[in-house]
Amino acid sequence: METSIMLQPTLLLAFAGTTLASFAGNLNYRSPSHNHPGLGISIPKVLKRSDPAVNYSPDDLQFTHGVASGDPYPNSVILWTRCAPSTDNVKDPVSSKDGGEMYDSVPIYGDNEGNAPVSKAPVCLEYKVAEDKGFKTVADCGTVYTSSDVDYTVKVEASHLKPFTTYYYKFNICSSDKSSPVGRAKTSPTEHDEISEISLAVYSCTNFAKGYFNAYGNPARKDSVDYVVHLGDGSKIGRTQYPKTVVYTLYQYRKRHATQKTDLDLQLSHREFTWIPVWDDHEVSDNTYRDGSSLLQNTESSFIIDGGVSVDQRKMNAVRAYFEWMPIRQVEMDDNLRIWRNFKIGNLLDLIMLDTRHYDRSITDLYLNTQYIKKIADDVGRSMMGPRQEHWFYEKLKASAKRQATWRIIGSQTVFSRIDETDSIGKGTNSDSWDGYRANLNRTLSTLYKNKIGNNIVIAGDSHANWVSDLTWLDEYPYDPNTGAGAIGAEFAGTAVTSSGPTTNVAMGNMMSKTLINKNKELQWSELYYRGYFELNISHNRTNAKFFAIPDIKKRSPVEISLANFTVIAGENRLARTNGIPSTNGQGVHNGVLKNGKLEKQTIQYNTETREWSKT
Numbered sequence: 012m013e014t015s016i017m018l019q020p021t022l023l024l025a026f027a028g029t030t031l032a033s034f035a036g037n038l039n040y041r042s043p044s045h046n047h048p049g050l051g052i053s054i055p056k057v058l059k060r061s062d063p064a065v066n067y068s069p070d071d072l073q074f075t076h077g078v079a080s081g082d083p084y085p086n087s088v089i090l091w092t093r094c095a096p097s098t099d100n101v102k103d104p105v106s107s108k109d110g111g112e113m114y115d116s117v118p119i120y121g122d123n124e125g126n127a128p129v130s131k132a133p134v135c136l137e138y139k140v141a142e143d144k145g146f147k148t149v150a151d152c153g154t155v156y157t158s159s160d161v162d163y164t165v166k167v168e169a170s171h172l173k174p175f176t177t178y179y180y181k182f183n184i185c186s187s188d189k190s191s192p193v194g195r196a197k198t199s200p201t202e203h204d205e206i207s208e209i210s211l212a213v214y215s216c217t218n219f220a221k222g223y224f225n226a227y228g229n230p231a232r233k234d235s236v237d238y239v240v241h242l243g244d245g246s247k248i249g250r251t252q253y254p255k256t257v258v259y260t261l262y263q264y265r266k267r268h269a270t271q272k273t274d275l276d277l278q279l280s281h282r283e284f285t286w287i288p289v290w291d292d293h294e295v296s297d298n299t300y301r302d303g304s305s306l307l308q309n310t311e312s313s314f315i316i317d318g319g320v321s322v323d324q325r326k327m328n329a330v331r332a333y334f335e336w337m338p339i340r341q342v343e344m345d346d347n348l349r350i351w352r353n354f355k356i357g358n359l360l361d362l363i364m365l366d367t368r369h370y371d372r373s374i375t376d377l378y379l380n381t382q383y384i385k386k387i388a389d390d391v392g393r394s395m396m397g398p399r400q401e402h403w404f405y406e407k408l409k410a411s412a413k414r415q416a417t418w419r420i421i422g423s424q425t426v427f428s429r430i431d432e433t434d435s436i437g438k439g440t441n442s443d444s445w446d447g448y449r450a451n452l453n454r455t456l457s458t459l460y461k462n463k464i465g466n467n468i469v470i471a472g473d474s475h476a477n478w479v480s481d482l483t484w485l486d487e488y489p490y491d492p493n494t495g496a497g498a499i500g501a502e503f504a505g506t507a508v509t510s511s512g513p514t515t516n517v518a519m520g521n522m523m524s525k526t527l528i529n530k531n532k533e534l535q536w537s538e539l540y541y542r543g544y545f546e547l548n549i550s551h552n553r554t555n556a557k558f559f560a561i562p563d564i565k566k567r568s569p570v571e572i573s574l575a576n577f578t579v580i581a582g583e584n585r586l587a588r589t590n591g592i593p594s595t596n597g598q599g600v601h602n603g604v605l606k607n608g609k610l611e612k613q614t615i616q617y618n619t620e621t622r623e624w625s626k627t
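When the sequence shown is numbered by my numbering, its final residue is 627 and no position is left out of the sequence of numbers.
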């Protein structure tokens with residue numbers, strides 16, 4: 012650090028006024044929730060501690076995790092980066108169970124919890140946003156400060172932007188030419204804009220210790236989508252990654268996020284695409300609900316065994332770290348830890364992102380109470396979302412149909428369709444998914460059917476497997492699995508980026524998938540082995556879903572293979588079929604098990620970096 016001469020009182024006052032505004036421009040000092048002011052950071056207290064006579068030299072600072080953008084509005088978008096002192100950085104590799112290093116060491120920060128250095132001076136950054144890569148015509152700019160209080164993260168709202176427009180942005184250290192990588196962001200259309208087509212990449216479930224996040228990088232190399240939708244479990248709370256413990260404290264949650272974001276393909280995705288994320292259970296704990304989780308309940312014994320923190324304190328730590336490290340807005344300042352929100356993407360679609368985990372979920376399967384949860388699964392009072400979010404959800408569905416948006420894309424953390432796993436990957440239904448909250452599921456289906464709301468696509472993650480189903484209310488309306496007649500939409504549920512799946516080889520996965528396909532009427536395709544992602548290409552005429560697999564997550568690779576392709580034609584409310592077999596314009600299903608159909612085997616793979624095909 013460099014020390015300047017003592018500043019005069021007038022200069023100190025000027026510093027305080029300017030710095031207060033620049034601190035306030037960093038959204039990470041705010042509370043994620045107005046009803047939890049304790050989650051915010053007091054800027055006056057940070058200023059009181061800061062020494063205006065002390066400044067960081069640009070040589071002391073590093074952009075440690077690239078840049079990111081998120082939560083697009085028609086006139087603004089959230090921009091993110093982290094700029095930390097080099098003295099706080101160490102090389103800290105994570106090892107796999109067999110002792111092999113899973114990634115190239117990247118500076119994160121020191122393993123000195125309880126003794127982490129507190130910044131005595133703010134880190135000053137400037138940001139610019141422009142429609143051109145050369146930043147000749149600047150659309151927005153500003154100065155912003157960060158400090159150790161928010162883990163040296165920066166999050167700003169770039170404003171005064173045009174709808175559905177691509178922008179480039181960068182941060183630089185004040186009074187220097189030391190800059191972050193240049194990022195690319197895209198605003199959303201206005202709700203009245205005529206939008207012909209939108210493409211989304213959909214992800215869930217990443218475990219840093221299990222492999223490389225190749226799936227994140229492939230759409231960026233292909234430049235194949237407009238936005239990224241992440242359905243949660245962006246990190247795992249277990250001990251096989253860094254820090255090498257189950258996470259409970261704010262410092263540990265921060266370090267887990269920092270570890271995840273050293274992956275180069277994840278950094279590439281954040282740099283190239285604007286994200287719309289939501290959390291699932293592992294952003295806090297495992298099988299989380301409103302009042303606890305499988306690894307921490309509100310009991311004395313659980314408090315002693317599981318980290319020595321309360322459920323509420325642990326959730327506060329997790330939410331604070333998530334808010335700091337993800338490019339996400341405060342949704343409503345009058346609500347309690349709200350992340351559920353809606354994006355109107357022109358006249359084409361409404362993207363409705365739910366929180367079926369932390370907001371107001373009734374008790375879930377904690378492994379010790381599985382049979383009890385199965386017994387109360389039909390209880391009318393049970394909810395994945397709580398009454399306020401449920402009411403909001405149903406009203407958004409009706410409002411979307413009323414404004415004549417062509418599609419409703421519903422982001423759910425867990426699989427929506429009923430799946431009986433008997434004789435395959437489980438016993439009966441999964442009580443931690445919608446199958447454990449059947450009254451809530453039925454209220455959702457009732458809203459769609461009784462209001463005649465069609466063109467619904469549910470997207471889901473969580474299960475670490477691929478599922479495609481017609482969206483149907485089997486208990487109330489007739490349904491033909493051969494034609495799809497009687498359905499009200501479709502569900503596309505994707506596998507994990509790297510988290511372990513239910514099977515260890517393709518043959519075992521296909522054997523289990525065959526059982527699942529035969530046992531579940533609305534389930535049309537199942538694939539249980541591969542890690543990967545899927546893309547949605549949405550137009551007014553149809554929605555195409557393309558599922559991709561990563562052949563090898565144990566090494567960095569731009570290669571992927573096609574798993575399956577499906578289509579939903581607007582107005583038909585079911586998967587498109589040819590002779591009773593789900594199909595997509597000549598593109599078929601290459602892996603897994605397809606109801607009523609045979610696979611179209613492929614022996615080629617695609618290199619998203621070289622844009623070349625080769626034999627597998």
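Virtual Cβ for every residue (Gly too), placed ideally from N, Cα, C.
Source: prediction; values computed, not measured.
For Ser-550, the closest C-alpha among the options Val-322, Leu-261, Ile-420 is that of Ile-420.
In the structure shown, Glu-311 falls within a helical segment according to DSSP collapsed to helix, strand and coil. Around the Cβ of Leu-261, a 10 Å sphere holds 16 or more other Cβ atoms; the residue is buried. Taking a 10 Å sphere around the C-beta of Cys-152, we find fewer than 16 other C-beta atoms and assign the residue as exposed.
In the assembly as shown, Lys-609 is an exposed residue. Its beta-carbon has fewer than 16 other beta-carbons within 10 Å. Taking 8 Å as the cut-off, the beta carbon of Gly-447 is found no closer than this to the beta carbon of Val-289. Counting C-beta atoms within 10 angstroms of its own C-beta, Met-337 has 16 or more neighbours from the protein chains shown and is therefore classed as buried. In this structure, Phe-182 and Thr-92 form a Cβ contact; the two beta carbons are roughly 5 Å apart against a cut-off of 8 Å. Closest in alpha carbon position to His-281, among Asp-143, Asp-237, Asp-317, is Asp-237.
Of the candidates Glu-571, Thr-595, Asn-602, the residue whose Cα lies closest to the Cα of Gln-616 is Glu-571. Rounded to whole angstroms, the gap between the alpha carbons of Lys-139 and Ser-170 is 11 Å. With the rule of 3 Cβ pairs closer than 8 Å, the segment 493–510 counts as touching the segment 458–474. Between the segment 517–525 and the segment 223–241 there are fewer than three inter-stretch CB-CB distances shorter than 8 Å, so the stretches are not counted as touching. By the neighbour-count definition (other C-beta atoms within 10 Å, threshold 16), Asn-552 is an exposed residue. Counting the other Cβ atoms within 10 Å of the Cβ of Arg-393 gives 16 or more, which makes it buried. Per the coordinates, the alpha-carbon of Thr-176 lies some 18 Å from the alpha-carbon of Asp-361.
Per DSSP, Arg-195 is one residue of the beta strand (DSSP E) stretching across 194–197. DSSP places Met-364 within a strand segment (E or B) once states are collapsed to three. Residue Ala-196 holds the alpha-carbon nearest to the alpha-carbon of Ala-141 among Ser-159, Arg-588, Ala-196, Asp-162.
For Gly-243, the closest C-alpha among the options Val-134, Ser-186, Arg-267, Asp-366 is that of Asp-366.
DSSP places Asp-563 in the coil class of the three-state scheme, outside both helix and strand. For Ala-150 against Tyr-67, the beta-carbon gap comes to about 28 Å, at or over 8 Å, which does not count as contact. Around the C-beta of Thr-494, fewer than 16 other C-beta atoms lie within 10 Å, and the residue is accordingly described as exposed.
Taking C-beta atoms as the reference points, Asn-39 and Lys-166 count as a pair closer than 8 Å.
According to DSSP, residue pairing for Arg-93 in a beta bridge involves Thr-164. DSSP places Asn-521 inside the alpha helix (DSSP H), whose first and last residues are 517–530. Note that the segment 371–387 does not touch the segment 424–436; fewer than 3 beta-carbon pairs, one per stretch, sit closer than 8 Å. Using a Cβ distance threshold of 8 Å, Thr-627 and Thr-619 do not count as a contacting pair. Residue burial annotation: Leu-379 is exposed, with fewer than 16 other C-beta atoms found within 10 angstroms of its C-beta. Burial check for Ile-89: the Cβ neighbour count within 10 Å reaches 16 or more, so the residue is buried. Around the beta carbon of Ile-464, 16 or more other beta carbons lie within 10 angstroms, which makes this residue buried.
Assigned with DSSP and collapsed to three states, Pro-398 falls in helix.
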